[in-house]
Every structure is written in structure tokens, then in C-alpha cells.
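K.L.:
Numbering-wise (our numbering), the sequence shown opens with residue 20 and increments by one. Yeah, the Cβ is synthetic: ideal placement off N, Cα and C, and Gly gets one too.
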Amino acid sequence: MKRRSLISMLQINCREASELISAAADGELPKRDRIALRIHLVLCAACKRFAAQMSMLRAAMSALPRSWRGCWSDETAHLTPERRQAIKQLLAQANDSELPS
Ligand SMILES: [Zn+2]
């Protein structure tokens, strides 16, 4: 088995960084992931902005009254099949109307 260097272990891409940012919101990250994420955020403006937005969303959600927080449960976060189909039709119509004739 090939050993990875410490630097390569700490190199993550933007997809991995976004997963770590989301995971960090749910709990503590392992030390290696925390360090890798910090390094990535210093080097990547897009992920740094995403992390700031996630932090702002978390703060806004925690500022909501407890009784309101249940409104965004997993159950309500999903579309009904009918609503999903209606959105697909609207998107298809929008794409058709933007095609050059
Ligand atoms: Zn990035």
C-alpha cells in the first residue's frame, strides 16, 4: 500500500470541502478534516463564501422561535410527486421558449 504524504492527506477539493462544511454544522470534525478544511478555506474564496453563508443560515435558523423550526423538518423539505412534475413542466416550457427559432 502506497503511503500518502502529510500534504496530500490535507489536500481536499471543493466537493470534499463543502461536505466537511456541512458535516461541521452537525458536529465536531476529526482533527485531520478540520486542518484540511482550514487550509482549503484559506486558499479557496468560493468555499470560504459557502462556509460563511452556511454559518449565517445556521445563525438565522437558531434565531427562529422553537415553534417555527419544526416547519423545516425532513418531511416538509421534500416535494410531492405532483409538485415535482409541475416544476419539471415549467422548466421544460421555459427551456423551449428560450431556444432560438
Ligand atoms: Zn473550494
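Taking the alpha helix (DSSP H) that L56 belongs to, which residues open and close that run?
P.N.:
To locate residue 56, count along the sequence shown from 1; it is residue 37. From DSSP, the alpha helix (DSSP H) with L56 extends over K50 to L62.
K.L.:
Reducing DSSP to helix, strand and coil, say where L98 ends up.
P.N.:
The residue labelled residue 98 in the question sits at position 79 within the sequence shown. In the structure shown, L98 sits in coil (DSSP, three-state: anything other than H, G, I, E or B).
K.L.:
Between the C-alpha atoms of E37 and F69, what's the straight-line distance to the nearest angstrom?
P.N.:
For the purposes of this step, residue 37 is identified with residue 18 of the sequence shown, where counting begins at 1. For the purposes of this step, residue 69 is identified with residue 50 of the sequence shown, where counting begins at 1. Rather than Glu, the amino acid found at residue 37 in this sequence is Ser. In a straight line, the C-alpha of S37 is about 8 Å away from that of F69.
K.L.:
I need the boundaries of the alpha helix (DSSP H) containing S37, first residue and last residue.
P.N.:
Taking the sequence shown and counting its residues from 1, the one referred to as residue 37 is at position 18. First-last of the alpha helix (DSSP H) with S37: C33 to D45.
K.L.:
When you get a sec, list the residues whose CB is within less than 5 Å of any heavy atom of ligand 1, chain order please.
P.N.:
C33, A36, C63 and C66
K.L.:
Please state if the CB of I40 and the CB of M75 are separated by a distance shorter than 9 Å.
P.N.:
Here the question's residue 75 lines up with position 56 in the sequence shown. Here the question's residue 40 lines up with position 21 in the sequence shown. Note that the C-beta distance between M75 and I40 is not below 9 Å.
K.L.:
Please classify H59 as buried or exposed, where buried requires at least 16 other C-beta atoms within 10 Å of its C-beta.
P.N.:
Here residue 59 is taken as the residue at index 40 of the sequence shown, counted from 1. The residue in question, H59, is buried, as its Cβ has 16 or more Cβ neighbours within 10 Å.
K.L.:
Relative to the alpha-carbon of L62, which residue among E47, A78 and N32 has its alpha-carbon at the smallest distance?
P.N.:
Start at 1 with the first residue of the sequence shown, and residue 62 comes out as number 43. Comparing Cα positions, the closest option is N32.
K.L.:
Helix, strand or coil for S27 per DSSP?
P.N.:
Position 8 of the sequence shown, counted from the start, is the residue given in the question as residue 27. Here S27 sits in helix by DSSP.
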